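**Student:**
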Amino acid sequence: MLLSFLAFIAVCFSSCRQTSDVDLIIFNAKIYTVDSAFSTAEAIAVKDGKIEGVGSSNDITAKYSAKEKINANGQIIYPGFIDAHAHFYRYGLGLQTADLTGTTSWDDILSKLQSFTQQNPDGWLIGRGWDQNDWTVKEFPSKEKLDSLFPDRPVILTRVDGHASIANQKALDIAGVKPGMQLTGGTVETKNGKLTGILVDNAEGVVFSKIPAPSVAQIKTALGRAQQNCFAVGLTTVDDCGLDYEEVMIMDSFQKKGELKMRIYAMLSDTKKNYDFLFDKGKIKTDHMNVRSFKVYADGALGSRGACLLQPYNDKPGWSGFLLSSQQHFDSVANIISSKGFQMCTHAIGDSGNRAILNIYAKYLKGKNDMRWRIEHAQVVNKNDFDLFGQYNIIPSVQPTHATSDMYWAGDRLGKEREKGAYAFDQLMKQNNWIPLGTDFPVEDISPFKTFYAAVFRQDAKEFPEGGYQMGNALSRENALRGMTIWAAKSNFEENEKGSLEKGKFADFIILDKDLMIVNQKEVLLTKVLATYINGQKVFSKN
Ligand SMILES: [Zn+2]
Numbered sequence: 160m161l162l163s164f165l166a167f168i169a170v171c172f173s174s175c176r177q178t179s180d181v182d183l184i185i186f187n188a189k190i191y192t193v194d195s196a197f198s199t200a201e202a203i204a205v206k207d208g209k210i211e212g213v214g215s216s217n218d219i220t221a222k223y224s225a226k227e228k229i230n231a232n233g234q235i236i237y238p239g240f241i242d243a244h245a246h247f248y249r250y251g252l253g254l255q256t257a258d259l260t261g262t263t264s265w266d267d268i269l270s271k272l273q274s275f276t277q278q279n280p281d282g283w284l285i286g287r288g289w290d291q292n293d294w295t296v297k298e299f300p301s302k303e304k305l306d307s308l309f310p311d312r313p314v315i316l317t318r319v320d321g322h323a324s325i326a327n328q329k330a331l332d333i334a335g336v337k338p339g340m341q342l343t344g345g346t347v348e349t350k351n352g353k354l355t356g357i358l359v360d361n362a363e364g365v366v367f368s369k370i371p372a373p374s375v376a377q378i379k380t381a382l383g384r385a386q387q388n389c390f391a392v393g394l395t396t397v398d399d400c401g402l403d404y405e406e407v408m409i410m411d412s413f414q415k416k417g418e419l420k421m422r423i424y425a426m427l428s429d430t431k432k433n434y435d436f437l438f439d440k441g442k443i444k445t446d447h448m449n450v451r452s453f454k455v456y457a458d459g460a461l462g463s464r465g466a467c468l469l470q471p472y473n474d475k476p477g478w479s480g481f482l483l484s485s486q487q488h489f490d491s492v493a494n495i496i497s498s499k500g501f502q503m504c505t506h507a508i509g510d511s512g513n514r515a516i517l518n519i520y521a522k523y524l525k526g527k528n529d530m531r532w533r534i535e536h537a538q539v540v541n542k543n544d545f546d547l548f549g550q551y552n553i554i555p556s557v558q559p560t561h562a563t564s565d566m567y568w569a570g571d572r573l574g575k576e577r578e579k580g581a582y583a584f585d586q587l588m589k590q591n592n593w594i595p596l597g598t599d600f601p602v603e604d605i606s607p608f609k610t611f612y613a614a615v616f617r618q619d620a621k622e623f624p625e626g627g628y629q630m631g632n633a634l635s636r637e638n639a640l641r642g643m644t645i646w647a648a649k650s651n652f653e654e655n656e657k658g659s660l661e662k663g664k665f666a667d668f669i670i671l672d673k674d675l676m677i678v679n680q681k682e683v684l685l686t687k688v689l690a691t692y693i694n695g696q697k698v699f700s701k702n
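All residue numbers for the sequence shown refer to this note's numbering, where the first residue is 160 and numbers rise by one.
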């Protein structure tokens with residue numbers, strides 16, 4: 160009698176506490192929520208892919224019961240990283256080609272190719288990145304060994320600068336390349352009347368044009384590899400900058416079938432068919448795909464002196480680079496994008512490229528606004544133009560690793576005075592009090608830890624230069640983390656669904672072995688992602 164009474168009390172007691180069921184609880188963690196107060200917590204409850212609660216371990220375990228409970232043993236949890244500027248699709252396809260950079264001889268290349276083909280047995284064998292200047296024999300190779308290794312599989316391997324390739328006989332046959340073939344702007348190399356396989360400039364195109372477009376199955380494999388690499392470094396959303404709508408729709412179909420779990424913010428390239436498609440269809444928004452913006456190019460890059468500068472290059476007198484389209488083109492696309500209420504994102508590197516775009520944006524944005532039009536890179540900005548970002552709420556979308564990749568020669572291109580307005584991340588951040596960060600992968604490495612390191616310390620991995628590069632523009636650790644999470648989400652109009660760990664948002668988060676907010680500089684690049692969750696589902700686990 161007494162026992163059953165006690166049992167009754169116990170049942171009443173537990174039901175009166177009203178624990179609600181969730182799918183997953185992680186407790187005993189150090190959680191950076193990256194909410195507006197930058198508060199920390201110990202536990203998180205996840206239900207149906209969304210965050211149900213965040214709080215102390217006691218509160219969360221008392222309030223919820225879950226099928227799966229994980230004791231994090233003090234490990235660190237951050238929101239999943241968002242890369243605000245990358246080329247995910249292109250990166251994926253690139254993983255299907257053999258990377259020959261840093262090869263030390265022709266034989267080294269051949270052995271790399273043999274191991275590459277074990278993972279990639281079918282179709283054209285494409286490689287890139289060799290440079291005979293790195294070899295002991297600094298001469299162009301010839302194709303005999305390629306022919307004997309790959310008699311039936313077409314092969315083309317492009318030099319590091321893209322201006323020369325070596326093809327095997329199978330590829331040359333498919334393209335109809337014969338000894339003595341003449342073409343303008345290109346050379347088909349022969350020795351003693353025989354093809355060597357070396358094709359220079361326009362001769363490469365004769366073979367490239369025969370490479371079939373990747374099949375849907377190849378694209379699926381490529382994107383699957385790309386997302387796995389991204390999950391391993393903690394990325395849960397990537398901005399894919401400059402795609403054709405067909406590519407977006409392929410990724411959307413993989414996402415809908417559950418074959419692609421990465422969340423993607425897709426910018427369509429500046430072409431008539433993309434404008435026609437999206438204006439007709441309207442903004443596309445699913446839990447995994449968001450399409451509402453266009454990527455336009457103002458100018459080229461600083462390294463190759465393609466960036467458009469207001470004054471000539473310091474190391475090339477009389478040369479200032481150029482805009483890639485007319486002002487009238489930029490004006491007309493800004494006009495139509497603004498009238499349709501879409502987002503415009505423009506690549507601008509040089510101070511003249513930035514000024515041209517800032518002024519056109521200003522014309523259509525008129526004043527304060529929430530259109531979140533972005534300038535991608537915003538790399539060199541004239542000191543008189545910074546305020547335009549704030550006045551018109553133009554969002555600079557920057558890549559900290561560009562600063563630490565370019566710092567060795569940026570001063571040669573720009574000269575000391577102009578360099579002060581380059582990679583000015585903190586100054587740009589202060590214009591709107593927020594700034595999204597990205598990598599531009601595969602131009603840079605995919606790792607968000609390198610972004611964080613470059614943003615905060617502004618040194619290379621060897622801690623060069625002493626004291627850091629233009630440290631006045633370093634970001635604080637807190638702002639760097641915001642730039643890789645909530646501010647990147649905001650640049651995508653997604654701050655209400657991701658970018659911080661708060662009730663109602665997607666359960667996209669990562670578990671780390673070190674706390675980037677406090678570890679010393681040396682440890683930042685050694686930080687490991689232990690697990691990555693998207694939608695409350697574990698998509699990566701170390702070991
Ligand atoms: Zn890019």
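Cβ atoms here follow ideal geometry from the backbone N, Cα and C, with glycine treated the same way. None of the values given here were measured: they were computed from a predicted structure.
Could you spell out where the beta strand (DSSP E) holding Trp294 opens and where it closes?
**Tutor:** The count along the sequence shown starts at 1 and reaches residue 294 at position 135. Run containing Trp294: none; DSSP gives neither H nor E here.
**Student:** By a C-beta neighbour count over all protein chains shown, 10 Å radius and 16 as the cutoff for buried, is Trp568 buried or exposed?
**Tutor:** Here residue 568 corresponds to residue number 409 of the sequence shown, with the count starting at 1. Looking at its Cβ environment, which holds fewer than 16 other Cβ atoms inside 10 Å, Trp568 is exposed.
**Student:** In the DSSP assignment, find the unbroken beta strand (DSSP E) run with Asp713 in it and report its ends.
**Tutor:** Limits of the chain in this structure are 160 at one end and 702 at the other, which puts residue 713 out of reach.
**Student:** Applying the 10 Å Cβ sphere with the 16-neighbour rule, what's the burial state of Val296?
**Tutor:** The sequence position of residue 296 within the sequence shown is 137, counting from 1. By the 10 Å Cβ count, Val296 comes out exposed.
**Student:** Taking the Cβ atom as the reference point for each residue, do Pro601 and Ser556 lie within a distance shorter than 8 angstroms?
**Tutor:** Looking up residue 601 in the sequence shown gives position 442. Looking up residue 556 in the sequence shown gives position 397. Not in contact: Pro601 and Ser556 (Cβ atoms no closer than 8 angstroms).
**Student:** With hydrogens ignored, establish whether the beta-carbon of Val602 is closer than 7 angstroms to any heavy atom of ligand 1.
**Tutor:** Position 443 of the sequence shown, counting from 1, holds the residue named residue 602. Yes, Cβ of Val602 sits closer than 7 angstroms to a heavy atom of ligand 1.
**Student:** What's the gap between the Cα of Ala372 and the Cα of Leu689?
**Tutor:** Taking the sequence shown and counting its residues from 1, one reaches residue 372 at position 213. Taking the sequence shown and counting its residues from 1, one reaches residue 689 at position 530. Distance between the alpha carbons of Ala372 and Leu689 is about 36 angstroms.
**Student:** Based on Cα-Cα distance, which residue from Ile553, Glu211, Ala231 lies nearest to Ser224?
**Tutor:** In the sequence shown, counting from the first residue as 1, residue 224 sits at position 65. Of the listed residues, the one whose Cα sits closest to Ser224 is Glu211.
**Student:** The alpha helix (DSSP H) spanning Lys440 covers which residue range?
**Tutor:** Within the sequence shown, the letter at position 281 stands for residue 440. Its alpha helix (DSSP H) spans residues 431 to 440.
**Student:** Do Asp458 and Ile519 come within 8 angstroms of each other at the CB atom, strictly closer than that value?
**Tutor:** Taking the sequence shown and counting its residues from 1, one reaches residue 519 at position 360. Taking the sequence shown and counting its residues from 1, one reaches residue 458 at position 299. No, the pair does not count as a contact, with Cβ atoms beyond the cut-off.
**Student:** Just how far apart, CA to CA, sit Glu303 and Asp267?
**Tutor:** For the purposes of this step, residue 303 is identified with residue 144 of the sequence shown, where counting begins at 1. For the purposes of this step, residue 267 is identified with residue 108 of the sequence shown, where counting begins at 1. Near 15 angstroms, if we compare the C-alpha coordinates of Asp267 and Glu303.
**Student:** Would you mind working out which of Ser606, Ile670, Ile357, Gly631 sits nearest Met643, comparing C-alpha positions?
**Tutor:** One-based indexing of the sequence shown puts residue 643 at position 484. Ranking Ser606, Ile670, Ile357, Gly631 by Cα distance to Met643 puts Ser606 first.
**Student:** Just the C-alpha distance for Leu468 and Phe436, rounded to the nearest angstrom, thanks.
**Tutor:** Position 309 of the sequence shown, counted from the first residue, corresponds to residue 468. Position 277 of the sequence shown, counted from the first residue, corresponds to residue 436. Each residue's alpha carbon lies about 34 angstroms from the other.
**Student:** Within the present structure, is the beta-carbon of Cys400 separated from the nearest heavy atom of ligand 1 by less than 7 angstroms?
**Tutor:** Stepping through the sequence shown from its first residue, residue 400 is reached at position 241. Within the cutoff, so yes.
**Student:** Can you give the beta carbon distance from Asn552 to Lys527, rounded, assuming they're within the 8 angstroms contact cut?
**Tutor:** Stepping through the sequence shown from its first residue, residue 552 is reached at position 393. Stepping through the sequence shown from its first residue, residue 527 is reached at position 368. Confirmed, Cβ separation roughly 6 angstroms.
**Student:** In the DSSP assignment, the alpha helix (DSSP H) including Lys649 goes from what residue to what residue?
**Tutor:** For the purposes of this step, residue 649 is taken as residue 490 along the sequence shown, with counting starting at 1. Looking at the DSSP string, the run of the alpha helix (DSSP H) that includes Lys649 is 645 to 650.
**Student:** Going by the beta-carbon positions, is the gap between Ile704 and Val193 smaller than 8 angstroms?
**Tutor:** In the structure displayed, the chain extends from 160 to 702; residue 704 sits before or after that span and is not available.
**Student:** Roughly how many angstroms separate the alpha carbons of Asn232 and Phe186, rounded to a whole number?
**Tutor:** Your numbering for residue 232 matches position 73 in the sequence shown. Your numbering for residue 186 matches position 27 in the sequence shown. Approximately 8 angstroms, taken between the alpha carbons.
**Student:** Rounded to whole angstroms, what is the Cα-Cα separation between Thr563 and Phe611?
**Tutor:** Counting from 1 along the sequence shown, the entry for residue 563 is found at position 404. Counting from 1 along the sequence shown, the entry for residue 611 is found at position 452. The straight-line gap from Cα to Cα measures roughly 12 angstroms.
**Student:** Would Asp360 and Gly345 qualify as a contact pair, given that the criterion is a beta-carbon distance under 8 angstroms?
**Tutor:** On the sequence shown, residue 360 is found 201 positions in, with the first residue counted as 1. On the sequence shown, residue 345 is found 186 positions in, with the first residue counted as 1. Yes. Within cutoff.
**Student:** Nearest-angstrom Cα distance between Ile554 and Ala204?
**Tutor:** Reading the sequence shown from its first residue, position 395 is the one you call residue 554. Reading the sequence shown from its first residue, position 45 is the one you call residue 204. Between Ile554 and Ala204, the C-alpha separation is close to 34 angstroms.
**Student:** Could you pull out every unbroken beta strand (DSSP E) segment of at least 3 residues lying fully inside the stretch 349 to 424, listed in chain order?
**Tutor:** Counting only runs of 3 or more, we get 353 to 360, 394 to 402.
**Student:** Return the bridge partner residues of Glu303 from the DSSP annotation.
**Tutor:** Within the sequence shown, the letter at position 144 stands for residue 303. Glu303 pairs with nothing; no bridge assigned.
**Student:** Do the CB positions of Ile241 and Ala647 come within less than 8 angstroms of each other?
**Tutor:** Mapped onto the sequence shown, residue 241 falls at position 82. Mapped onto the sequence shown, residue 647 falls at position 488. Yes.
**Student:** How about His447: is its Cβ closer than 7 angstroms to a heavy atom in ligand 1?
**Tutor:** Position 288 of the sequence shown holds residue 447. The answer is no for His447.
**Student:** If contacts are defined as beta-carbon pairs under 8 angstroms, then Ala521 and Pro559 qualify, I think. What distance do you get, rounded to the angstrom?
**Tutor:** Sequence index remark: in the sequence shown, residue 521 carries index 362 (1-based). Sequence index remark: in the sequence shown, residue 559 carries index 400 (1-based). No, Ala521 and Pro559 are not in contact; Cβ-Cβ is about 26 angstroms, not under 8 angstroms.
**Student:** Take Asp399 and list the residues in its own chain whose beta-carbon comes closer than 6 angstroms to its own, dropping the five residues that flank it on each side.
**Tutor:** In the sequence shown, the residue the question calls residue 399 occupies position 240. Hits under 6 angstroms: Phe247, Tyr248, Ile423, Ala425.
**Student:** Would you list the residues sitting across from Asn449 in a DSSP beta bridge?
**Tutor:** Within the sequence shown, the letter at position 290 stands for residue 449. Answer by DSSP bridge pairing, in chain order: Tyr424, Lys444.
**Student:** Which residues does DSSP list as the beta-bridge partners of Leu342?
**Tutor:** For the purposes of this step, residue 342 is taken as the residue at position 183 of the sequence shown. Partner(s): Gly345.
**Student:** For Asn279, I'd like the list of residues in its chain whose CB is within less than 7 angstroms of its CB, leaving aside the five on either flank, ordered along the chain.
**Tutor:** As a working note, residue 279 is residue 120 in the sequence shown. Hits under 7 angstroms: Gln255.
**Student:** Hey, how far is the Cα of Lys444 from the Cα of Gln328?
**Tutor:** The residue given as residue 444 occupies position 285 in the sequence shown. The residue given as residue 328 occupies position 169 in the sequence shown. Computed Cα separation, rounded: 47 angstroms.
**Student:** Taking 8 angstroms as the cut-off, does the stretch 347 to 357 touch the stretch 316 to 327 (at least 3 CB pairs, one atom from each stretch)?
**Tutor:** Flag = yes, the stretch 316 to 327 and the stretch 347 to 357 touch.
**Student:** Would you tell me roughly how many angstroms separate the C-alpha atoms of Met448 and Ser216, rounded to the nearest one?
**Tutor:** Against the sequence shown, residue 448 aligns to sequence position 289. Against the sequence shown, residue 216 aligns to sequence position 57. Going from the Cα of Met448 to the Cα of Ser216 covers about 33 angstroms.
**Student:** In three-state terms, what does DSSP make of Glu576?
**Tutor:** Translated into positions along the sequence shown, residue 576 becomes position 417. It is helical.
**Student:** Out of curiosity, what's the CA-to-CA distance linking Arg318 and Gln550?
**Tutor:** Sequence index remark: in the sequence shown, residue 318 carries index 159 (1-based). Sequence index remark: in the sequence shown, residue 550 carries index 391 (1-based). So the alpha carbons of these two residues sit roughly 46 angstroms apart.
**Student:** So what's Pro559 in DSSP terms, helix, strand or just coil?
**Tutor:** Translated into positions along the sequence shown, residue 559 becomes position 400. Pro559: helix per DSSP, three-state reduction.
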